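Below you'll find the structure, written out as structure tokens, and then a few comments.
2 protein chains.
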Amino acid sequence: MIKLIALYRKPADAAAFDKHYNEIHTPLVRKYPGLRKLEITRVTGAPIGDAKFHLMAEMYWDDKSAMDAALSSPEGKAVIKDLLSFAADIVTIFHGDVAA
Amino acid sequence: MIKLIALYRKPADAAAFDKHYNEIHTPLVRKYPGLRKLEITRVTGAPIGDAKFHLMAEMYWDDKSAMDAALSSPEGKAVIKDLLSFAADIVTIFHGDVAA
Numbered sequence: 060m061i062k063l064i065a066l067y068r069k070p071a072d073a074a075a076f077d078k079h080y081n082e083i084h085t086p087l088v089r090k091y092p093g094l095r096k097l098e099i100t101r102v103t104g105a106p107i108g109d110a111k112f113h114l115m116a117e118m119y120w121d122d123k124s125a126m127d128a129a130l131s132s133p134e135g136k137a138v139i140k141d142l143l144s145f146a147a148d149i150v151t152i153f154h155g156d157v158a159a
Numbered sequence: 060m061i062k063l064i065a066l067y068r069k070p071a072d073a074a075a076f077d078k079h080y081n082e083i084h085t086p087l088v089r090k091y092p093g094l095r096k097l098e099i100t101r102v103t104g105a106p107i108g109d110a111k112f113h114l115m116a117e118m119y120w121d122d123k124s125a126m127d128a129a130l131s132s133p134e135g136k137a138v139i140k141d142l143l144s145f146a147a148d149i150v151t152i153f154h155g156d157v158a159a
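As structure tokens, this is what we get:
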């Protein structure tokens, strides 16, 4: 399995972020072709100090070709367009192989 | 469910990091009391630009009290002691509620 990870730093307006994320963005993410799983984590703290992150979304596909196809699909482009509209300055995206 | 996330930036010596992580650190992590799941992701890239991270480990517990108990147990202290010995400068740790 491969997963794409979107990690959001704390937004200036958390309530507005959450509303857009839940009501607009998540429904778009769920339309990714071939998506096997979506796991959303709401960050609540850190063992030492403060967490600098607000939310993490993890999207799973069978393999890299399935992920690449999803990202370049019309549904995938809609996700990116929306993402850039509300979180361009606070999101970091990377992907990796799930090893365990 | 709650999860603790350890996110590692790229180490100076990836081979040495991986060897220590796989042979020493992961066996210690697996001893956490009450651990429900461990998911390790080896970062392979980013859709745009380069990924600044090398690895992400996610540790799941039933709830915060179970996580707190694990972190303060002798096994948890052994994990932190080892972590600080090889990755203090590249690791970020936070936790959150798994919402989906």
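Chains F and D, in that order, are what the protein sequence lines are. Each residue of the first sequence is one higher than the one before, counting from 60 in my numbering. Each residue of the second sequence is one higher than the one before, counting from 60 in my numbering. In this text, a Cβ means the ideal position worked out from N, Cα and C, and glycines have one as well. Keep in mind it's a predicted model, so treat the numbers as computed, not measured.
What's the gap between the Cα of F:P70 and the Cα of F:Y80?
-> 11 Å
Which bits of chain F does D:M115 rub up against, with CB to CB less than 8 Å?
-> I64, G155
Short check: CB of D:I168 to CB of F:V102, under 9 Å?
-> The requested residue 168 of chain D does not occur in the structure, where chain D is confined to residues 60 to 159.
D:L94 and D:M115: beta carbons closer than 9 Å?
-> no
What are the partner residues of D:Y91, as DSSP defines its beta bridges?
-> DSSP output for D:Y91 lists no bridge partner at all.
Following the continuous alpha helix (DSSP H) through D:D141, name the residue where it begins and the one where it ends.
-> 133-145
Is it right to say F:G155 is buried, meaning 16 or more other beta carbons lie within 10 angstroms of its own, or is it exposed?
-> buried
D:K123: buried (16+ other C-beta within 10 angstroms of its C-beta) or exposed?
-> exposed
Taking the alpha carbon of F:R68 as the point to measure from, which residue in F:D77, F:H84, F:H113 has its own alpha carbon closest?
-> F:H113
Measure from the C-beta of F:G104 to each C-beta in chain D and report whether the shortest distance is under 9 Å.
-> yes
Establish whether the CB of F:F112 and some CB of chain D are separated by less than 9 Å.
-> yes
So is D:L143 buried or exposed if we call it buried at 16+ other beta carbons inside 10 Å?
-> exposed
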